[in-house]
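What follows is one structure encoded as structure tokens, with my remarks underneath.
Number of protein chains: 2
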Amino acid sequence: MKVAGVIVEYNPLHNGHLHHIQKTRENTGADVLVAVMSGYFLQRGEPALVSKWLRTKLALLAGIDIVVELPYAFSTQKAEIFASGSVSILGHLGVTDLCFGSEQGEILPFENTITIIDQYGEQYDHQLKKYLKEGYSYPKAHALAFQELKTSNHSLIDLSQPNNILGYHYLKSVKEQALPIKVSTVKRIGAGYHDVHMNNGSIASATSIRKAIFEHGNLEEIYRAVPPFTYQYLKSAFDRNQIYRWDDFYPFLKYRLSIETAESLSSIYEAEEGLENRIIKIMQDSNTFHTFMDKLKTKRYTWTRLQRLCTHMLVNAKKEEMLHALNEKKASYIRLLGMNQNGQAYLNHIKNQCPVPIITRLKKDKDNDPLMSLDMKAAKVYELAAISNQPKNKINNEFMQPPLRYDELNHHFLSDIK
Amino acid sequence: MKVAGVIVEYNPLHNGHLHHIQKTRENTGADVLVAVMSGYFLQRGEPALVSKWLRTKLALLAGIDIVVELPYAFSTQKAEIFASGSVSILGHLGVTDLCFGSEQGEILPFENTITIIDQYGEQYDHQLKKYLKEGYSYPKAHALAFQELKTSNHSLIDLSQPNNILGYHYLKSVKEQALPIKVSTVKRIGAGYHDVHMNNGSIASATSIRKAIFEHGNLEEIYRAVPPFTYQYLKSAFDRNQIYRWDDFYPFLKYRLSIETAESLSSIYEAEEGLENRIIKIMQDSNTFHTFMDKLKTKRYTWTRLQRLCTHMLVNAKKEEMLHALNEKKASYIRLLGMNQNGQAYLNHIKNQCPVPIITRLKKDKDNDPLMSLDMKAAKVYELAAISNQPKNKINNEFMQPPLRYDELNHHFLSDIK
Chain X
1 MKVAGVIVEY
11 NPLHNGHLHH
21 IQKTRENTGA
31 DVLVAVMSGY
41 FLQRGEPALV
51 SKWLRTKLAL
61 LAGIDIVVEL
71 PYAFSTQKAE
81 IFASGSVSIL
91 GHLGVTDLCF
101 GSEQGEILPF
111 ENTITIIDQY
121 GEQYDHQLKK
131 YLKEGYSYPK
141 AHALAFQELK
151 TSNHSLIDLS
161 QPNNILGYHY
171 LKSVKEQALP
181 IKVSTVKRIG
191 AGYHDVHMNN
201 GSIASATSIR
211 KAIFEHGNLE
221 EIYRAVPPFT
231 YQYLKSAFDR
241 NQIYRWDDFY
251 PFLKYRLSIE
261 TAESLSSIYE
271 AEEGLENRII
281 KIMQDSNTFH
291 TFMDKLKTKR
301 YTWTRLQRLC
311 THMLVNAKKE
321 EMLHALNEKK
331 ASYIRLLGMN
341 QNGQAYLNHI
351 KNQCPVPIIT
361 RLKKDKDNDP
371 LMSLDMKAAK
381 VYELAAISNQ
391 PKNKINNEFM
401 QPPLRYDELN
411 HHFLSDIK
Chain E
1 MKVAGVIVEY
11 NPLHNGHLHH
21 IQKTRENTGA
31 DVLVAVMSGY
41 FLQRGEPALV
51 SKWLRTKLAL
61 LAGIDIVVEL
71 PYAFSTQKAE
81 IFASGSVSIL
91 GHLGVTDLCF
101 GSEQGEILPF
111 ENTITIIDQY
121 GEQYDHQLKK
131 YLKEGYSYPK
141 AHALAFQELK
151 TSNHSLIDLS
161 QPNNILGYHY
171 LKSVKEQALP
181 IKVSTVKRIG
191 AGYHDVHMNN
201 GSIASATSIR
211 KAIFEHGNLE
221 EIYRAVPPFT
231 YQYLKSAFDR
241 NQIYRWDDFY
251 PFLKYRLSIE
261 TAESLSSIYE
271 AEEGLENRII
281 KIMQDSNTFH
291 TFMDKLKTKR
301 YTWTRLQRLC
311 THMLVNAKKE
321 EMLHALNEKK
331 ASYIRLLGMN
341 QNGQAYLNHI
351 KNQCPVPIIT
361 RLKKDKDNDP
371 LMSLDMKAAK
381 VYELAAISNQ
391 PKNKINNEFM
401 QPPLRYDELN
411 HHFLSDIK
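Those protein sequence lines, which keep their order, are chains X and E. Residue numbers for the first sequence follow full-length UniProt numbering, so the first one is 1 and each next one is one higher. Residue numbers for the second sequence follow full-length UniProt numbering, so the first one is 1 and each next one is one higher.
Shown next as structure tokens:
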């Protein structure tokens with residue numbers, strides 16, 4: 001039996017993602033497709049555009065059989081940790097194939113790159129440190145150090161491309177965790193990950209789609225870049241004011257920074273080198289999140305690095321908790337967000353072999369697992385912004401929501417968003 | 001030279017307050033009238049209806065010569081501490097007379113009461129403890145214990161009346177701090193402190209005035225109960241959505257309780273006997289502040305006691321900070337909020353004798369005094385709600401605002417709210 005895994009954010013699910021899903025099925029011949037999806041806060045330190053439940057719905061409609069959550073402690077991290085958590089979950093679920101999208105599009109250069117970096121490990125580390133010392137950001141220093149190894153005649157990947165970086169770490173994690181997973185890649189088409197402008201084609205990056213929504217204040221421009229079901233559900237969320245961005249959370253962050261001392265904020269994950277002092281100072285005079293970030297960023301600290309720190313401050317993700325959660329480099333449980341009949345049959349089939357609990361519903365006041373306690377805080381914070389946006393509607397409550405169940409034959413949700 | 005002091009909240013300033021000001025001038029023959037006024041958070045654990053700057057403006061228009069701030073550490077407290085802080089400030093400013101409003105209306109019964117409680121101290125304490133053990137709230141237990149002393153033939157005060165309680169503690173503080181201040185009282189007319197319904201007269205309690213504003217969504221009903229200038233400024237604040245209540249701060253409190261552990265909240269002032277656990281639990285399912293408080297209150301904990309705890313949680317006022325600030329039972333500085341020429345002349349006259357600094361403008365990043373650090377946090381939190389209510393207007397910034405200066409002859413503000 002072939003089971004393919006994909007690692008996704010679907011923020012929101014667009015035509016490029018559909019292409020990736022189709023290619024993954026074709027290339028792997030998978031009977032079951034499992035997606036590990038980030039929850040409420042994403043890799044670049046941003047809140048998700050729409051709730052994880054709605055994104056799960058879109059994933060099921062796009063043909064994913066099982067959607068599980070990548071816990072907060074992994075989802076808001078640099079590529080290395082993000083990958084190790086995601087891959088561990090695919091491993092737990094008995095996935096046989098992993099297929100990722102990349103700028104590169106072929107798997108051999110990824111293999112070569114891992115071999116080369118292994119081989120020149122010492123030289124690479126030395127150069128990396130040198131560039132960091134010179135004040136370059138972490139990803140930039142990596143890319144520069146790597147460029148200098150490119151004297152070999154092997155075909156290597158371009159490590160300045162964000163999806164190549166992720167793919168590199170997926171492959172590396174599979175090797176490190178010694179998982180029996182075959183890794184392949186699909187070339188991303190039509191748009192770069194970081195592209196902020198939409199072109200006229202049917203493929204656009206999620207970044208440019210989000211930007212178009214917030215800049216134009218409507219969804220017209222994104223119509224051709226997303227599947228019809230994405231458009232329909234996003235439109236409905238948009239009309240009910242249930243679409244989120246950092247600005248919706250900024251008052252809470254500002255509040256927190258108004259009442260806490262720099263000393264107490266230094267316990268937050270990624271608060272290093274006195275960044276917390278700088279943040280408190282700049283926050284005082286910044287009325288919007290964008291102004292704040294613009295003043296905050298430097299050559300040394302990328303926007304993404306700083307946004308992640310802000311997310312950790314918002315969620316109160318402490319060093320101690322995060323490091324405890326990350327200790328094993330693997331997820332200690334799997335939160336099931338949604339499935340169809342095919343997915344359910346597969347889960348029934350493997351659940352006794354899964355080395356960690358598969359959680360279908362949360363229990364209140366039971367969050368001793370630091371990984372889960374972080375997920376709960378993230379969910380509560382996300383819900384709060386939802387409440388402020390929606391004073392009169394009761395919003396979906398994390399504790400009450402069972403996994404979504406999609407009847408793929410009759411195109412009908414047997415268990416829907418509450 | 002006669003200098004009379006009054007201790008006020010002016011939330012908002014109404015006709016009863018005007019009466020108190022006039023009677024204070026008449027009875028004391030004062031040349032200068034000094035008001036110690038609570039800042040952004042008040043004795044019953046509530047945010048002020050309007051900013052302290054606007055309330056200062058109203059005080060100056062009502063004939064007060066000098067308005068100074070009662071620091072947060074004293075303003076959000078039970079009567080005993082509230083009184084000791086207020087009285088210490090009047091002492092620092094060389095006040096010769098203190099005149100308070102009370103249900104009682106004569107000073108002798110206050111004197112008698114202090115003597116009696118002193119005399120029967122042990123018996124009183126014993127009875128107090130008994131009633132507390134039986135589960136009565138602190139004020140109720142006090143009133144019950146006191147009732148049993150009333151066997152003497154002296155005329156005593158009714159200690160179940162809120163303004164009598166405050167007055168009792170003012171007089172007691174003056175004695176304890178051995179201040180050369182003559183204490184007198186004016187009978188409150190027309191409305192009880194706790195009255196929630198407005199009658200048809202020109203006197204109504206501040207409580208009923210606030211209730212009328214929020215219930216009716218307009219200021220029509222309060223017109224006859226407040227001076228014309230109060231009406232005019234409140235109307236203008238109301239039209240600009242700059243009128244506040246707990247609901248405006250509830251999302252921030254809810255946010256904080258979503259990300260903190262009960263253990264870390266147990267460091268908050270007045271978080272005792274596991275109240276923090278109860279608060280976190282009840283908060284999760286309460287969508288409005290009122291629902292939340294309704295579920296929270298018990299026989300043992302009065303609404304006021306719990307509201308104060310919520311305020312301390314909101315402002316992050318820790319036990320350590322508050323106790324450090326309260327150590328001396330006296331204010332360590334005086335924040336000047338406003339004055340007229342008469343007041344300014346008096347301040348120039350006494351400033352060299354004042355034993356603590358008189359602060360006219362705050363310096364950023366200079367809040368080593370725990371009393372001031374608490375005031376700064378309170379101001380920042382209050383401003384945040386103001387920002388959410390007013391996304392497009394720059395709100396008055398605590399750091400930028402110099403004391404208001406009122407030209408009482410020309411009815412003109414020389415230095416106004418920025």
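The beta-carbon is built from N, C-alpha and C at its ideal position, and this holds for glycine as well. Since this is a predicted model, take the numbers as computed values, not measurements.
Decide yes or no for the touch test of the stretch 369-383 of chain E against the stretch 38-50 of chain E: beta carbon pairs closer than 8 Å, at least 3 of them.
yes
Taking 8 Å as the threshold (beta carbon to beta carbon), is tyrosine 255 of chain X in contact with chain E?
yes
Members of the stretch 228-253 of chain E that neighbour chain X once the beta carbon cut-off is set at 7 Å:
Pro251 and Phe252
So, using beta-carbon positions, are glutamate 270 of chain E and leucine 219 of chain E closer together than 8 Å?
no
Around the C-beta of lysine 418 of chain X, are 16 or more other C-beta atoms found within 10 angstroms, so that it is buried, or is it exposed?
exposed
Beta carbons nearer than 7 Å to chain X: which residues of the stretch 266-284 of chain E have them?
none
For the stretch 202-224 of chain X, enumerate the residues whose C-beta is nearer than 7 Å to any C-beta of chain E, in chain order.
none
Taking only beta-carbon positions, decide if glutamate 398 of chain X is within less than 8 Å of chain E.
no
Look up proline 180 of chain E in the DSSP assignment and say whether it is helix, strand or coil.
coil
Kindly confirm or deny that the stretch 237-251 of chain X and the stretch 44-56 of chain X touch, where touching means at least three C-beta pairs closer than 8 Å.
yes
With a cut-off of 8 Å, does the C-beta of glutamate 260 of chain E fall near any C-beta of chain X?
yes
Flag lysine 319 of chain E as yes if its beta-carbon sits less than 8 Å from any beta-carbon of chain X, otherwise no.
no
How would you list, in chain order, the residues of chain X whose beta-carbon sits under 9 Å from the beta-carbon of valine 381 of chain E?
Tyr255, Ser258 and Ile259
Let's see if you can read the secondary structure: which residues bound the beta strand (DSSP E) around glycine 338 of chain X?
334-340
Which of the three DSSP states is assigned to methionine 372 of chain X in this structure?
helix
Tell me, please, which residues DSSP counts as bridged to isoleucine 66 of chain X.
X:Val34 and X:Met339
Does any residue of chain E bring its CB to less than 8 Å from the CB of leucine 384 of chain X?
yes
Expressed to the nearest angstrom, what Euclidean distance is found between the alpha-carbon atoms of glutamate 408 of chain E and lysine 130 of chain E?
54 Å
Segment contact, 8 Å Cβ cut-off, at least three pairs: the stretch 177-190 of chain E with the stretch 116-127 of chain E
no
If we cut at 8 Å on Cβ distances, does valine 8 of chain X have a partner in chain E?
no
So is valine 50 of chain E in contact with chain X if we call contact Cβ pairs under 8 Å?
no
Rounded C-alpha distance that separates glycine 85 of chain X from proline 71 of chain X:
8 Å
Give me whichever residues DSSP pairs with cysteine 99 of chain E in a beta bridge.
E:Ser184
Please say whether methionine 293 of chain X and residue 419 of chain X have beta carbons closer to each other than 8 Å?
With chain X covering only 1 through 418, there is no way to say anything about residue 419 of chain X.
For histidine 92 of chain X versus isoleucine 334 of chain X, is the C-beta spacing smaller than 8 Å?
yes
Residues near aspartate 65 of chain E in its chain [Cβ-Cβ closer than 6 Å; skip 5 each side]
Val32, Leu33, Asn340, Asn342 and Gly343
So for tyrosine 168 of chain X, helix, strand or coil by DSSP?
helix
Residue ranges of each beta strand (DSSP E) within the stretch 87-160 of chain X, 3 or longer:
97-102
Counting only Cβ-Cβ distances shorter than 7 Å, please list the residues of the stretch 350-378 of chain X near chain E, keeping chain order.
Lys377
With a threshold of 8 Å between beta-carbons, can asparagine 348 of chain X be considered close to chain E, or not?
no
Please determine if the stretch 142-150 of chain E and the stretch 52-62 of chain E are in contact, where contact requires at least 3 C-beta pairs separated by less than 8 Å.
no
Pick out whichever of X:His169, X:Glu26, X:Phe74 and X:Gln119 has its Cα sitting closest to the Cα of alanine 331 of chain X.
X:Phe74
Taking CB distances under 8 Å as the criterion, tell me whether valine 315 of chain X reaches chain E.
yes
Go through its chain and collect everything with a Cβ distance to isoleucine 243 of chain E's Cβ below 8 Å, but skip five positions before and after it.
Leu49, Val50, Ile213, Leu234 and Ala237
State the Cα-Cα distance for the pair phenylalanine 100 of chain X and isoleucine 116 of chain X, rounded to the nearest angstrom.
21 Å
Flag this pair as yes or no: are the beta carbons of histidine 14 of chain E and threonine 230 of chain E separated by less than 8 Å?
yes
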